[in-house]
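Peer 1: First the structure, which I've put down as structure tokens, then a few questions once you've had a look.
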Amino acid sequence: MTENLKSKNQYHEILKKGLANELEIAKRARRKGLDPALQPEIKVTKDIAERVEALIGIKGVGARIRELEHKGYGREEVALRIALDFAAAKFGNYKRYEVIEKAVRTSVAILTEGVVAAPLDGISRIEVGRNDDSTEYIKLFYSGPIRSAGGTAQALSVLAADYIRKRMGFAAYSPRDEEIWRYVLEVSAYARISGLQYTPSDDEVREIVRNCPICIDGDPTEDKEVDAYKDLERVATNRIRGGMVLVLTEGIAMKAPKLKRYVEKLGIEGWEWLDRLIKSKRETKKKAFLDDLIAGRPVFGRPANKGSFRLRYGRARNSGFAAIGMHPVTMSLLGFIAPGTQVKPELPGKAACIVPVDSIEGPVVKLKNGDLRKLESCDDIDTAEVLEIVDLGEVLIDYGDFLETGQLLKPGAYAHEYWLQELEAKSKEEASIWRSKIPTQEEAIALSLRYDLPLHPAYTYLWEDISNEDRKFLSDWICESGALQDGKLLIPDDDNNRVISILEDLLIPFRRDRNARYCYIVIEEPAAFLRGLGIGTSIDGRLKKDESVRLKQKPKAPTRIGMRMGRPEKSRERMMTPAPHAIFPVGEAGGKNRSLKEALKSKVIDIEVGVKRCMECGNVSLSCYSLCDKCGSSNLKIPARSSNSNVSNRSS
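Numbering (the working numbering), first residue to last: 43 to 694.
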């Protein structure tokens, strides 16, 4: 056993002992009878499998979950394969529709790890409907608490129902035209009332309803009725069904790429229409990036725009799933971002939180004196001197984010770790030298020439961000007007600042020298830059074009990511106004502000209280204790018709 494993086991033992100690304290406190129950209500379970079995109440489910996990199946696959076990009657014999209901509830419980109410309260019931050709189909009724399950679990609950639908002898749902239009109308109405993380277009809603083999139904959750398509034969209510809308939009529509992955993996037929839905989403995603922008929340970068965040794959010690890395200097310059700030990136997911990572490339800024600087530390420059942020730097995103959301991997920035692997393939001894340090420009060029490697990313510029025409113009201008002096490159500025503009696009640090007769652009370390343009030097030291000096280079910014502020107000403490109280229950007599002053105006206040009767001495009390006030007995009962009490308002 390794030292790491020993320390891990010791840590787990400390947690177990600490939990047992805390539970014992809670039990001793409860035995005093000062709480409604004499024992702590929360049960301790050793793993997710045991938790799911306790929540669902079906024996044998926990053991089967452990068996599937031991075989290497992921959480989503386990949830879907458990559904098949219900169809095979491994957990008991049930009616056909009951098999689907129990399978769906269990699948959702597995996906939510048995910690939310969605499996029990989010799925109201399952009913059997009849198509116009007299075949039977499944209707899944969802309610508001299904929101807590999350989009993935919502979508997979529908897939789980379809996974065993055919095995139980049910046909696919065949919607009528008026039902399709009812779905479209209901989604748009709910989006206006409550808002959605993702609102699909009308065409996308129609695509889902026409093709989904399960009828996604729901109980009414809003007081508002739909404006049209009322009193439909196969729709039980005219009110808006919030649970149905959530599953259709934030489940199937938003998680379509991820859903497709499991459809292909498990070979489920009848879901080919997801390809059309995914294609439609991709075409509208860029356009919709700013559609729901709220006034006052800043936009940090637009999709595919120069200067926006450069995608870099990787993970720091503090980043991970939905936690993306941003350079501390970038955070400081933007002024809106702190560690933990929620942002909405263009991809891969719908939202993420920011963590500071100083091992990625920082921003490039233009100063008020005209210099272009690459910043690596907050101490590098006074922010008051910054005129413009030319480039926001890299954003560090884990590959797992793309895997989890089912997004296609975009090309990432060429980084030190990639360069190191290429060097290691040529010389492991040489690679060990540069594992934790960056070579100088001269060393990087020498390594590139010696081992036929791409130039190190620290000295690679954004050649992909300029056109061939700009590259030729810059090369000609430098050869005609530029000069090397003490190892520095001096370039005179042109009349329309085209040279400056190209250098800014390339992100080449430079300074403006106005002390001479002419205004010169000074590049301190020009060797890698000149080689990128294919410029060498003649015997007399003059600059000339020489394609033989070029080095291999890989793109530094193949993918730019747009990003905007999420919901910063959610991190603040939320206080009720006025402060809530439970000492003086006033029911609804206090109005919307629960005001005691307002309640005093009422002669009688109706409140709900738990009246308890002691079965030993007969004492009746309104106490919340679990022991009798009079004799100390724990044999207390709540009479069947004593929940409502009228409290007269008498002033002393």
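Virtual Cβ for every residue (Gly too), placed ideally from N, Cα, C.
Grab the span of the beta strand (DSSP E) containing ILE258 for me, first residue to last.
Peer 2: It spans 257-260 - the beta strand (DSSP E) in which ILE258 sits, taken as one unbroken run.
Peer 1: Could you give the DSSP three-state label for THR263: helix, strand or coil?
Peer 2: In this structure, THR263 counts as coil in the three-state DSSP scheme.
Peer 1: Which residues in the same chain have their Cβ closer than 8 angstroms to the Cβ of LYS410, if we skip the five residues on either side of it in sequence?
Peer 2: GLU427, VAL428 and LEU429
Peer 1: Identify whether ASP582 lies in helix, strand or coil by the three-state DSSP scheme.
Peer 2: In the displayed model, ASP582 falls within coil according to three-state DSSP, outside both helix and strand.
Peer 1: Within 10 angstroms of its Cβ, does PRO453 collect 16 or more other Cβ (buried), or is it exposed?
Peer 2: Exposed, because fewer than 16 other Cβ atoms sit within 10 Å of the Cβ of PRO453.
Peer 1: How many Å lie between LYS101 and GLU92 at the Cα?
Peer 2: 10 angstroms
Peer 1: Please check the pair ILE235 and THR263, which I expect to be a contact at CB under 8 angstroms, by giving their CB distance rounded to whole angstroms.
Peer 2: Wrong, their Cβ atoms sit about 10 angstroms apart, outside the cutoff.
Peer 1: Using DSSP with H/G/I as helix, E/B as strand and the rest coil, what is ALA599?
Peer 2: DSSP places ALA599 in the coil class of the three-state scheme, outside both helix and strand.
Peer 1: Could you tell me which uninterrupted beta strand (DSSP E) segments, each at least 3 residues in length, are contained entirely in the region 337-398, listed from first to last along the chain?
Peer 2: 341-343, 351-355, 365-368, 384-387 and 394-398
Peer 1: Skipping 5 residues on each side, what residues in its chain have a beta carbon closer than 7 angstroms to that of TYR6?
Peer 2: Nothing can be reported for residue 6: it is not among the residues displayed for the chain, which extend from 43 to 694.
Peer 1: Would you report the Cα separation of ASN691 and LYS144, rounded to the nearest angstrom?
Peer 2: Here ASN691 scores only 42 on pLDDT, less than 50, and its place in the model is too uncertain to base an answer on.
Peer 1: Helix, strand or coil: how does DSSP classify MET296 here?
Peer 2: coil
Peer 1: Measure the CB-CB distance between LYS598 and ALA486 and report whether it falls below 8 angstroms.
Peer 2: no
Peer 1: Under 8 angstroms, with one C-beta from each stretch per pair, do the region 70-85 and the region 114-133 reach the 3-pair mark?
Peer 2: No: fewer than three Cβ pairs fall under 8 angstroms.
Peer 1: Just verifying my parser: in three-state terms, what is the DSSP assignment at LEU308?
Peer 2: helix
Peer 1: Distance check for ALA125 and GLY377, CA to CA, integer angstroms please.
Peer 2: In a straight line, the C-alpha of GLY377 is about 50 angstroms away from that of ALA125.
Peer 1: Taking all protein chains shown into account, decide if THR502 is buried (16 or more other Cβ within 10 angstroms of its Cβ) or exposed.
Peer 2: buried
Peer 1: Cβ atoms of CYS656 and LEU678: under 8 angstroms apart, would you say?
Peer 2: Contact flag set, yes.
Peer 1: Quick test of your reading: GLU311 and LEU274, contact by CB under 8 angstroms. State the CB separation rounded to the nearest angstrom.
Peer 2: Not really, about 29 angstroms apart at Cβ, beyond 8 angstroms.
Peer 1: On the criterion of 16 or more Cβ atoms from any shown chain inside 10 Å, does MET607 qualify as buried, or is it exposed?
Peer 2: buried
Peer 1: Got a sec? Which residues, its chain only, sit under 7 angstroms from PRO187 by beta carbon, not counting five neighbours each side?
Peer 2: ALA159, ALA160, ASP163 and GLY164
Peer 1: Tell me the DSSP secondary structure of SER490 in three-state form.
Peer 2: helix
Peer 1: How many Å lie between ARG352 and GLY156 at the Cα?
Peer 2: 38 angstroms
Peer 1: Hey, how far is the Cα of GLU403 from the Cα of ASP261?
Peer 2: Approximately 51 angstroms, taken between the alpha carbons.
Peer 1: Helix, strand or coil: how does DSSP classify ARG106 here?
Peer 2: helix
Peer 1: Using DSSP with H/G/I as helix, E/B as strand and the rest coil, what is SER694?
Peer 2: Residue placement at SER694 is poorly supported in this model, since its pLDDT is 34, which falls under 50; the coordinates are not used for a value here.
Peer 1: Taking only runs that begin and end inside the region 128-200, name each unbroken alpha helix (DSSP H) of 4 or more residues, in chain order.
Peer 2: 138-153
Peer 1: Would you kindly work out how many angstroms separate the C-alpha atoms of ILE439 and LEU445, rounded to a whole number?
Peer 2: 12 angstroms
Peer 1: Give me, in chain order, the residues of the same chain whose beta-carbon lies closer than 7 angstroms to that of PRO217; leave out the 5 immediate sequence neighbours on both sides.
Peer 2: VAL251 and ARG252
Peer 1: Quick one: residues in its chain with C-beta nearer than 6 angstroms to the C-beta of GLU640, no 5 flanking neighbours on either side, listed in chain order?
Peer 2: GLY632 and GLY633
Peer 1: Is the region 567-581 touching the region 514-532 in the sense that three or more CB pairs, one from each, lie closer than 8 angstroms?
Peer 2: yes
Peer 1: Would you report the Cα separation of SER490 and LEU497, rounded to the nearest angstrom?
Peer 2: 6 angstroms
Peer 1: For SER684, does the three-state DSSP call read helix, strand or coil?
Peer 2: Any reading at SER684 must be qualified, since the residue scores a pLDDT of 42, below 50, and its modelled position is unreliable; no value is offered.
Peer 1: For ASP259, does the count of other Cβ atoms within 10 angstroms reach 16, so buried, or fall short, so exposed?
Peer 2: buried
Peer 1: Less than 7 angstroms between C-beta atoms, sequence neighbours within five positions excluded: which residues of the same chain meet that for GLY193?
Peer 2: GLU292, GLY293, MET296 and LYS297
Peer 1: Just curious, the alpha helix (DSSP H) that GLU221 is in, first and last residue?
Peer 2: Judged by DSSP secondary structure, GLU221 falls within the alpha helix (DSSP H) whose first and last residues are 219-235.
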